[in-house]
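Asker:
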Amino acid sequence: MSNIVICMKWGTKYGSEYVNRLYNMVKRHTTVDFKMVCLTDLTEGIHPDVQCFPIPPLALPEGAPERGWNKLSTFEPDLYGLEGNALFLDLDVVIVDNIDEFFTYPGDFLIIHDWKRPWRITGNSSVYRFKLGAFPGLLPYFRENFDEIRQKFRNEQAYLSWYVDKHAKQTYWPESWCKSYKYHCLQKIPMAFFKPPVKPEGAKIIIFHGEINPPDAVNGGGGKWYRYVLPSKWIKDAWQ
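To convert a position in the sequence shown, counted from 1, into the numbering used here, add 94.
1. In angstroms, rounded to a whole number, what distance separates the CA positions of Y42 and I300?
2. Which first and last residues belong to the beta strand (DSSP E) in which I206 is found?
3. What residue from T168, C132 and G162 has the CA that sits closest to A228's CA?
4. Which same chain residues, not among the five before or five after Y320, have their C-beta less than 7 angstroms away from its C-beta?
5. Short check: CB of V126 to CB of F196, under 7 angstroms?
6. When you compare only the Cα positions, how much space is there between G217 and D310?
7. Can you tell me whether K210 is buried or exposed, with buried defined as 16 or more other CB within 10 angstroms of its CB?
8. Which ranges would you report for the alpha helix (DSSP H) in the stretch 157-231 if only whole runs of at least 4 residues count?
9. Give the single residue among I193, E156 and G157 whose Cα lies nearest to the Cα of L116.
10. Need the endpoints of the alpha helix (DSSP H) that M119 sits in, please.
11. Thinking L185 and Y112 are a contact (beta carbons under 8 angstroms), I'd like their distance in whole angstroms, please.
12. Hey, could you find the ends of the beta strand (DSSP E) F240 is sitting in?
13. So, under 8 angstroms CB-CB, I140 and S110 are touching, yes? Tell me the CB distance rounded to an integer number of Å.
14. Can you tell me the Cβ-Cβ gap for S96 and K121, rounded? I've got them flagged as a contact below 8 angstroms.
15. What are the boundary residues of the beta strand (DSSP E) that includes P133?
16. Report back the beta-carbon spacing between S255 and P290 to the nearest angstrom; my notes put them in contact at under 8 angstroms.
17. Apart from the five residues on each side of it in sequence, which residues of its chain come closer than 7 angstroms, Cβ to Cβ, to W163?
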């Protein structure tokens with residue numbers, strides 16, 4: 095089965111360098127054959143080995159808040175004729191170790207188990223894997239019931255987790271594989287003023303969410319006053 099790494103870029107928050115760095119990190123940290131695909135509204139500057147396609151339209155009402163809904167378009171029943179295992183990666187993740195097992199770990203749908211509220215079914219959709227076309231009803235249901243869904247679910251990962259769990263298909267990555275830079279790497283004050291962020295043992299992918307992004311991790315800063323951030327050399331070495 096083909097292995098396809100999918101990322102998505104829309105708007106101006108992230109430039110093409112995020113796509114290119116992600117492609118480089120995947121190449122360095124996997125030994126399996128893969129194809130890289132970017133769903134985007136702007137292809138300029140993206141590495142030629144990354145295949146670009148337009149983001150499939152969701153047909154949302156005009157003015158509806160985005161909330162990451164665009165990521166659901168990876169579940170188009172026929173996504174540009176692509177077939178095989180799809181590993182979705184957010185543009186701002188940093189890969190720090192071999193990810194071969196992300197393509198082979200058993201399960202129909204795998205997602206990060208929420209670190210802060212582990213009692214909920216909602217996963218973190220920075221890293222998820224599924225077989226392309228395996229959930230053909232997910233998008234039609236979303237389009238037909240959007241008004242109800244946006245009242246019930248805060249964002250795309252809440253709806254995604256609910257839908258897949260309803261079909262008894264949701265499972266989670268091993269706990270050590272995907273770690274949060276905010277929760278698992280930063281030192282607490284006052285040690286944060288003296289000790290740089292640490293790389294968690296066994297971590298393969300570092301997730302960035304909230305106010306700190308990879309450039310902040312490389313240069314230091316970007317956090318709130320109670321999350322002082324020193325520069326991180328290991329992130330600098332990995333994020334290129």
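Heads up, the beta-carbon is just placed ideally off N, CA and C, and yes, glycines get one too.
Answerer: On the basis of the coordinates in this document:
1. Examination of residue 42 is not possible in this model, given that the chain is present from 95 through 334 alone.
2. Here the beta strand (DSSP E) through I206 covers F203 to H207.
3. Answer by Cα proximity: T168.
4. Counting only Cβ-Cβ distances below 7 angstroms, and skipping sequence neighbours, we find I283.
5. Taking 7 angstroms as the cut-off, the Cβ atoms of V126 and F196 do not count as close.
6. In this structure, the straight-line span from the alpha carbon of G217 to that of D310 is close to 25 angstroms.
7. If you draw a 10 Å sphere on the C-beta of K210, you find fewer than 16 other C-beta atoms in it, and that means exposed.
8. Fully enclosed alpha helix (DSSP H) runs of 4 or longer: 195-198.
9. It is I193.
10. M119: member of the alpha helix (DSSP H) spanning S110 to R122, first to last residue.
11. Indeed, because the Cβ distance is near 4 angstroms, the residues count as touching under 8 angstroms.
12. In the DSSP assignment, F240 falls outside any beta strand (DSSP E) and lies within the alpha helix (DSSP H) extending over F240 to K246.
13. Indeed, because the Cβ distance is near 5 angstroms, the residues count as touching under 8 angstroms.
14. With a Cβ gap of about 16 angstroms, S96 and K121 do not count as contacting.
15. Going by the sequence as given, residue 133 is Leu instead of Pro. Looking at the DSSP string, the run of the beta strand (DSSP E) that includes L133 is K129 to T134.
16. About 33 angstroms separates the two Cβ atoms, so there is no contact after all.
17. Within the same chain, Cβ atoms closer than 7 angstroms to the Cβ of W163 are found at L152, L154 and E250, the five residues on either side in sequence being excluded.
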